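Undergrad:
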């Protein structure tokens, strides 16, 4: 009885409690006229005590194998040292049996997206990432490939932020200025990756994540926000989105 989030109308009903229990899979019903969506949206790439993407290895490999993916296009725009970033991702995906190429080395990024079997957008600075997507004219091509052609999309942290309606609920500093905060809108709600609750024993007087998200919802017309804790992910498959991982999440309604 956790309630239903309908992704076509952004209507939430009977959602009690707001905190989604850890260890449970929460199913959101997904309606609308879009074709099959295949998304794996990670809160983060690394959890304490493990290596890069290790906590999500089973989810990622099963997700890609289920779509018969052999090669992944990696978008490293969220970090400045894109060659190093791509090499780290390539090493991990190669160990799982997949090829991986960094889109930043392509002479024609749009053509690379148009021929991609799957897309993985990594974490880093969300503003820098979104600016890179706009600068390389990739917003609409990625939307088409994911929402119309149904190719798998994996996002981690910033890569999850840009999969949503906007990047307004990122935790990152605006180190660059993209032409718009509007993102890929692969799902019609926002996500706050790395979500963390305030420590009641802390003497820190700064704003909490909850406060900042509620401030966002003071703006009319803003969508729901899913606070996705580290070690958790959202798996969107056709008409259902399932919360998975080792920690709970929290849904904020406008």
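Residue numbers (the working numbering): 35 to 288.
Ideal Cβ placement from N, Cα and C applies to all residues, glycine included.
Because the structure is a prediction, the values reported are computed rather than measured.
What does DSSP give as the partner residues of residue 253 in its beta bridges?
TA: Position 219 of the chain shown holds residue 253. Answer is none; residue 253 lacks a bridge partner.
Undergrad: In chain order, what residues of the same chain have a beta carbon less than 6 Å from the beta carbon of residue 58, not counting five sequence neighbours either side?
TA: One-based indexing of the chain shown puts residue 58 at position 24. Only weak support exists for where residue 58 lies, its pLDDT of 42 falling under 50; the value from the coordinates is given anyway. Result list for residue 58: empty, nothing under 6 Å.
Undergrad: Assuming residue 79 contacts residue 156 under a Cβ cut-off of 8 Å, what Cβ separation, rounded to an integer in Å, is found between them?
TA: Indexing the chain shown from 1 puts residue 79 at position 45. Indexing the chain shown from 1 puts residue 156 at position 122. Yes, they are in contact, since the Cβ atoms of residue 79 and residue 156 sit about 7 Å apart, within 8 Å.
Undergrad: Can you tell which of 233, 262 and 187 has the C-alpha that lies nearest to the C-alpha of residue 285?
TA: Your numbering for residue 285 matches position 251 in the chain shown. Checking every option, the nearest Cα to that of residue 285 belongs to 262.
Undergrad: What is the DSSP secondary structure of residue 119, counted as helix, strand or coil?
TA: Reading the chain shown from its first residue, position 85 is the one you call residue 119. The answer is helix: DSSP assigns residue 119 an H, G or I state.
Undergrad: From which residue to which residue does the beta strand (DSSP E) around residue 166 run?
TA: Translated into the one-based positions of the chain shown, residue 166 becomes position 132. First-last for residue 166: 160-169, but that is the alpha helix (DSSP H), not the beta strand (DSSP E).
Undergrad: Who pairs with residue 269 in a beta bridge, going by DSSP?
TA: Stepping through the chain shown from its first residue, residue 269 is reached at position 235. In DSSP, residue 269 forms a bridge with 74 and 276.
Undergrad: Using CA coordinates, which residue listed in 143, 141 and 120 is at the minimum distance from residue 4?
TA: What is shown of the chain runs 35 to 288, which leaves residue 4 out entirely.
Undergrad: Using the rule of at least 16 other Cβ atoms within 10 Å of the residue's Cβ for burial, across every protein chain shown, is residue 111 buried or exposed?
TA: Here the question's residue 111 lines up with position 77 in the chain shown. Classification of residue 111: buried, given that the 10 Å Cβ count is 16 or more.
Undergrad: Residue 197 and residue 73 - do their beta-carbons sit closer together than 8 Å?
TA: Within the chain shown, the letter at position 39 stands for residue 73. Within the chain shown, the letter at position 163 stands for residue 197. Taking 8 Å as the Cβ cut-off, residue 73 and residue 197 qualify as a contacting pair.
Undergrad: Do you know offhand how far residue 295's Cα is from residue 214's?
TA: Nothing about residue 295 can be reported from this structure: the residues present for the chain run from 35 to 288 only.
Undergrad: According to DSSP, what are the bridge partners of residue 211?
TA: By one-based count along the chain shown, residue 211 stands at place 177. Beta-bridge pairing links residue 211 to no other residue.
Undergrad: On the criterion of 16 or more Cβ atoms from any shown chain inside 10 Å, does residue 211 qualify as buried, or is it exposed?
TA: The sequence position of residue 211 within the chain shown is 177, counting from 1. The residue is exposed, with fewer than 16 neighbouring Cβ atoms inside 10 Å.
Undergrad: Could you pull the start and end residues of the beta strand (DSSP E) that residue 226 belongs to?
TA: For the purposes of this step, residue 226 is identified with residue 192 of the chain shown, where counting begins at 1. It spans 224-227 - the beta strand (DSSP E) in which residue 226 sits, taken as one unbroken run.
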